[in-house]
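Beneath this line is the structure, given in structure tokens, with notes to follow.
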Amino acid sequence: MLPFIDKLRASMRTRRSRLCLSLDLQIPDTPLPLLEFDEPMLPFARATIAATHDIVAAYQIRPLYFLAEGGSGAIALERLVRLIPKDLPIIVDLRLDGDAPVNLAGRAAFYQCHGDAVTAQPHLRAADLAGLAGFDGGGRGLFAHLDAPTHALEAPWDGYSVSARRPELATAARQRNPHAMALIQETDAVSATALGALSDANALLVVGRSVLYASKYLSFAEDMRAALVRLNTRFPA
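So for the sequence shown, the numbering used here puts the first residue at -19; every next one is plus one.
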């Protein structure tokens, strides 16, 4: 299995993108043309992947968005991950903290969600981290989810996940981890100037609602793609 970081960098080069689209699908916000479906999550997911798979470097999945819809959401999630091209990394934002059995959470992230990487709290036990990184032959990616300043990260961490809404924390994390991959969350919520200050060649910029719901009309897929093209132009790989 290709190590996660190698797979991610290959995708960034191939697609000339540093964007990660977070698939936070919510039924109340479904574009109008899809409301004719009894279960619109899967058609929306299918249209999203078709419109974006060649211009994003990765996808992020937060399973709770799907599981909140019950059985139909679980089915949509299971089918969604099978639509994503094999060379596109999937990051599962679980923020594992050790309260639940980590091996079961890893199985859900890497098997059911087809994940290539997962987020976890930086205080997770070393044995649990090693188990996640080596899951099913190894090569899995690990991002430390940062809510507060922490020490420099060591292997098996590949990088860290931090909110763009917290520039001081993001800046401190970069200073302590100059070569780690930074997963910058909530980039929709800050200005281009602020985001540019947090962004470098080792940053993956997570976008979500501003792209997913760029439009609710017949052109929703084209508008979604256009939003990503603008962002790729602004933050080139």
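Each residue gets a CB set at the ideal place from its N, CA and C atoms; glycine is no exception.
Delimiting residues of the alpha helix (DSSP H) encompassing residue i
{"i": "tyrosine -9", "result": "Per the sequence shown, residue -9 should be read as serine rather than tyrosine. -16 to -5 is the span of the alpha helix (DSSP H), which, as asked, contains serine -9."}
{"i": "alanine 135", "result": "First-last for alanine 135: undefined, no H or E at that position."}
{"i": "valine 82", "result": "82 to 87"}
{"i": "threonine 245", "result": "Shown here, the chain extends from -19 to 217; a query on residue 245 therefore has no answer."}
{"i": "glutamate 148", "result": "147 to 156"}
{"i": "serine 179", "result": "Where serine 179 is concerned, there is no enclosing alpha helix (DSSP H), given that its DSSP letter is neither H nor E."}
{"i": "leucine 209", "result": "According to the sequence displayed, residue 209 carries valine and not leucine. Segment 200 to 214, the alpha helix (DSSP H) holding valine 209."}
With 16 other Cβ atoms within 10 Å as the buried cut-off, status of residue i
{"i": "aspartate -14", "result": "exposed"}
{"i": "glycine 95", "result": "buried"}
{"i": "aspartate 116", "result": "exposed"}
{"i": "alanine 107", "result": "exposed"}
{"i": "valine 140", "result": "It is worth fixing the name first, because residue 140 is tyrosine in this sequence and not valine. Tyrosine 140 is buried by the Cβ-count criterion."}
{"i": "glutamine 155", "result": "exposed"}
{"i": "serine -9", "result": "buried"}
{"i": "glycine 114", "result": "exposed"}
{"i": "arginine 205", "result": "buried"}
{"i": "leucine 175", "result": "buried"}
{"i": "alanine 207", "result": "buried"}
{"i": "glycine 86", "result": "buried"}
Cβ-Cβ separation, residue j to residue i (assumed contact under 8 Å), whole Å
{"i": "alanine 38", "j": "leucine 112", "result": "Between leucine 112 and alanine 38 the Cβ distance is about 18 Å, and since that is not below 8 Å, they are no contact."}
{"i": "valine 209", "j": "serine 2", "result": "Not a contact, Cβ separation roughly 18 Å."}
{"i": "arginine 59", "j": "leucine 22", "result": "6 Å"}
{"i": "alanine 56", "j": "alanine 25", "result": "6 Å"}
{"i": "phenylalanine -16", "j": "glycine 78", "result": "Going by Cβ atoms, the distance from phenylalanine -16 to glycine 78 rounds to 21 Å, so no, they are not a contact pair."}
{"i": "valine 72", "j": "proline 102", "result": "Contact doesn't hold; Cβ gap of about 17 Å is too wide."}
{"i": "threonine 167", "j": "alanine 144", "result": "5 Å"}
Beta-bridge pairing of residue i - partner residues as DSSP gives them
{"i": "cysteine 0", "result": "Ala38, Val186"}
{"i": "valine 142", "result": "Ile164"}
{"i": "phenylalanine 123", "result": "Thr99, Gly139"}
Sequence-distant residues of its chain with Cβ nearer than 6 Å to residue i (five each side left out)
{"i": "arginine 75", "result": "Thr99, His125"}
{"i": "lysine 196", "result": "Pro11, Leu12"}
{"i": "alanine 218", "result": "As shown, the chain starts at -19 and ends at 217. That puts residue 218 outside it, with no answer to give."}
{"i": "methionine 161", "result": "Asp138, Gly139, Asn182"}
The beta strand (DSSP E) enclosing residue i, as first and last residue numbers
{"i": "arginine 75", "result": "70 to 76"}
{"i": "glutamine 165", "result": "161 to 165"}
Beta-carbon proximity list for residue i, same chain, < 8 Å, skipping 5 on both sides
{"i": "glycine 53", "result": "Met21, Tyr45, Phe46, Leu47"}
{"i": "aspartate 67", "result": "Lys(-13), Ala(-10), Ser(-9), Thr(-6)"}
{"i": "phenylalanine 17", "result": "Pro23"}
{"i": "histidine 33", "result": "Ile64, Pro65, Leu68"}
{"i": "cysteine 0", "result": "Val36, Ala37, Ala38, Tyr39, Gln40, Ile71, Leu163, Leu184, Leu185, Val186, Val187"}
{"i": "cysteine 93", "result": "Ile41, Pro43, Leu57, Val61, Ile70, Val72"}
Residues of its chain near residue i, where Cβ-Cβ distance is below 7 Å and the 5 sequence neighbours each way are ignored
{"i": "proline -2", "result": "The sequence given here places arginine at residue -2; proline does not occur at that position. Result list for arginine -2: Met(-8), Ala37, Ala183, Leu184, Leu185, Phe215, Ala217, in chain order."}
{"i": "alanine 132", "result": "Arg156, Asn157"}
{"i": "isoleucine 7", "result": "Pro20, Met21, Glu49"}
{"i": "histidine 159", "result": "Asn182"}
{"i": "phenylalanine 90", "result": "Phe115, Asp116, Arg120"}
C-beta neighbour in chain B for residue i, strict 8 Å
{"i": "arginine 42", "result": "Included in the structure is just one protein chain, with no chain B present."}
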